[in-house]
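Reading the sequence shown from the start, the letters are residues -20 to -1, 1 to 242 in mature numbering (1 follows the signal peptide of the UniProt record, and there is no 0).
Cβ coordinates follow ideal geometry from the N, Cα and C atoms, glycine included.
Below is one structure, written out as structure tokens; comments come after it.
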Amino acid sequence: MKDGLALLTILLKNFARTAAAEIDIPDSRLPRLSRGGWCKHFLARHGYRVRRTHGEIHSVDVPAAIKGAAELRAKKIAKYDLNDVFNVDEAAYFYKVVSRVSVCLGAAPALKVNKSRMTFLVGSKATGSEKLWQLVLGKSKKPRWLPEKPDSMDYVGTSKGWMTTPVFNEWLVELNKKVNAVDKKILLLYDNAPVHKETEEALSYVEIARLPKNITAILQPMDQGVIAWIKARILNDRSGAALLRVLCVQEDACAIDTADAM
């Protein structure tokens, strides 16, 4: 890791493939880069190790979570087809934070965490066959790049880039309109975050069910790898773009603004 660029093993493999193509190494002579052994032996040969900068541990009341899930399933979810059951959750997106894991020659350096953030809301059906449109929250009210955002994404500016009750309620009302257009009723599961207050406007096509308090870490469907996968994919893409800029000797190779983050 150097100057905020985390070198991931997947990037090392991609770079090896590119380098082999540039010097005309035939495929028959290439090692199996898709396997973990090549990278492991390459790093060991040159004295590198993969290190994690820091981590954290969570604890959850598992019996209470199991009981809460059973009650929720019996009282709410059982009344619906799984294609009509949705879950949403928000996550902080610290778009200038680098990977905690990097290939290093020696000890992993200590890095100051850049806390520039956005918040994104994601959701899908219980079957995984349909995603809800994505909502992103940032600090800028009307950023210059707003007209160029993807159609599948909405953007809202708030004072801290966090979810607020008015924004969440507006999102619920818009969801109700979208469901109304296809003339069906859905069940929407979300957690008990303070901003998730039920809107005063009637939601005729969306029934709301809150997940039990303090145990959403193992009950919240979006927390069971979906959000982690999204963040990992973004980080891989970002690190790959930064590495390419480093190889092209561009200044501020690791710099990223809100437009790039989107």
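Measure the C-alpha to C-alpha separation of VAL153 and PHE66 and round it to an integer number of angstroms. Translated into the one-based positions of the sequence shown, residue 153 becomes position 173. Translated into the one-based positions of the sequence shown, residue 66 becomes position 86. Across the structure, VAL153 and PHE66 are spaced so that their CA atoms are roughly 15 Å apart.
Within the stretch 159 to 242, ranges of the alpha helix (DSSP H) (whole runs, at least 4 residues): 196 to 199, 206 to 227 and 238 to 241
Measure the alpha-carbon distance for ARG15 versus GLY27 and round it to whole angstroms. One-based indexing of the sequence shown puts residue 15 at position 35. One-based indexing of the sequence shown puts residue 27 at position 47. Those two C-alpha atoms are separated by around 20 Å.
For LEU126, which residues in the same chain have their Cβ closer than 7 Å to its Cβ, ignoring the five residues on either side in sequence? Here residue 126 refers to the residue found at position 146 when the sequence shown is read from its first residue. Closer than 7 Å at Cβ, skipping near neighbours: TYR135.
Across the stretch 192 to 208 and the stretch 222 to 232, are there enough close Cβ pairs to call them in contact, namely three or more that are closer than 8 Å? no
Rounded to the nearest angstrom, what separates VAL159 and TRP113 at their Cα positions? Locating residue 159 in the sequence shown gives position 179, where the first residue counts as 1. Locating residue 113 in the sequence shown gives position 133, where the first residue counts as 1. Going from the Cα of VAL159 to the Cα of TRP113 covers about 12 Å.
What residues in its chain sit with their C-beta under 7 Å from that of GLU178, if we drop five residues either side in the sequence? Indexing the sequence shown from 1 puts residue 178 at position 198. ILE188.
Can you look up SER14 in the DSSP assignment and give me helix, strand or coil? Here residue 14 refers to the residue found at position 34 of the sequence shown. Note: SER14 maps to coil in three-state DSSP.
Might you give, ordered along the chain, the residues of its own chain that have their beta carbon closer than 6 Å to the beta carbon of ALA106, omitting 5 neighbours on each side? Translated into positions along the sequence shown, residue 106 becomes position 126. In chain order, LEU62 and VAL65 place their CB closer than 6 Å to the CB of ALA106, counting only its own chain and leaving out the 5 sequence neighbours on each side.
Beta bridge counterpart(s) of PHE148 as assigned by DSSP: Taking the first residue of the sequence shown as 1, we reach residue 148 at position 168. Answer by DSSP bridge pairing: none, since PHE148 is not bridged.
Assumed close pair GLY141, ARG97 - CB separation to whole angstroms, cut-off 8 Å: If you number the sequence shown from 1, residue 141 lands on position 161. If you number the sequence shown from 1, residue 97 lands on position 117. Confirmed, about 6 Å.
Using the Cα positions of CYS84 and ARG53, report the straight-line distance between them to the nearest angstrom. As a position in the sequence shown, residue 84 is number 104, starting the count at 1. As a position in the sequence shown, residue 53 is number 73, starting the count at 1. The straight-line gap from Cα to Cα measures roughly 47 Å.
Run the CB neighbour count on GLU70, radius 10 Å, all protein chains shown included, and call it buried at 16 or more, exposed below. Residue mapping note: residue 70 aligns to position 90 of the sequence shown, counting from 1. Burial call: buried.
For VAL65, which of helix, strand or coil comes out of DSSP? Within the sequence shown, numbered from 1, the residue matching residue 65 stands at position 85. Three-state DSSP puts VAL65 in a strand.
Cβ of THR144 within 8 Å of Cβ of VAL175? Translated into the one-based positions of the sequence shown, residue 144 becomes position 164. Translated into the one-based positions of the sequence shown, residue 175 becomes position 195. Taking 8 Å as the Cβ cut-off, THR144 and VAL175 qualify as a contacting pair.
Local Cβ density within 10 Å of ARG218, reported as buried at 16 or more and exposed below that: Taking the first residue of the sequence shown as position 1, residue 218 is located at position 238. So ARG218 counts as buried.
Looking only at DSSP bridge pairs, what is MET98 linked to? Translated into positions along the sequence shown, residue 98 becomes position 118. Per DSSP, the beta-bridge partners of MET98 are TYR73.
Run through DSSP, which three-state label would LYS111 get? Position 131 of the sequence shown, counting from 1, holds the residue named residue 111. Note: LYS111 maps to strand in three-state DSSP.
Taking the alpha helix (DSSP H) that VAL42 belongs to, which residues open and close that run? The residue given as residue 42 occupies position 62 in the sequence shown. 42 to 55 is the span of the alpha helix (DSSP H), which, as asked, contains VAL42.
Between which two residues does the beta strand (DSSP E) carrying MET133 extend? Here the question's residue 133 lines up with position 153 in the sequence shown. First-last of the beta strand (DSSP E) with MET133: 133 to 137.
Is DSSP giving LEU117 helix, strand or coil here? Translated into the one-based positions of the sequence shown, residue 117 becomes position 137. Strand at LEU117.
State the Cα-Cα distance for the pair ILE214 and ALA241, rounded to the nearest angstrom. Translated into the one-based positions of the sequence shown, residue 214 becomes position 234. Translated into the one-based positions of the sequence shown, residue 241 becomes position 261. Approximately 9 Å, taken between the alpha carbons.
For LEU10, is the classification buried or exposed, using 16 other Cβ atoms within 10 angstroms of its Cβ as the cut-off for buried? Position 30 of the sequence shown, counting from 1, holds the residue named residue 10. It is exposed - the Cβ of LEU10 has fewer than 16 other Cβ atoms within 10 Å.
Report buried or exposed for VAL229, applying the criterion of at least 16 other Cβ atoms within 10 angstroms of its Cβ. As a position in the sequence shown, residue 229 is number 249, starting the count at 1. Burial call: exposed.
Grab me the residues of ALA93's own chain with a C-beta within less than 7 Å of its C-beta, minus the 5 sequence neighbours each way, in chain order. The residue you call residue 93 lines up with position 113 of the sequence shown. The question names Ala, but residue 93 in the sequence shown is Val. Result list for VAL93: VAL77, in chain order.
Three-state secondary structure assigned by DSSP to SER8: Working through the sequence shown from its first residue, we reach residue 8 at position 28. Residue state, collapsed to three classes: helix.
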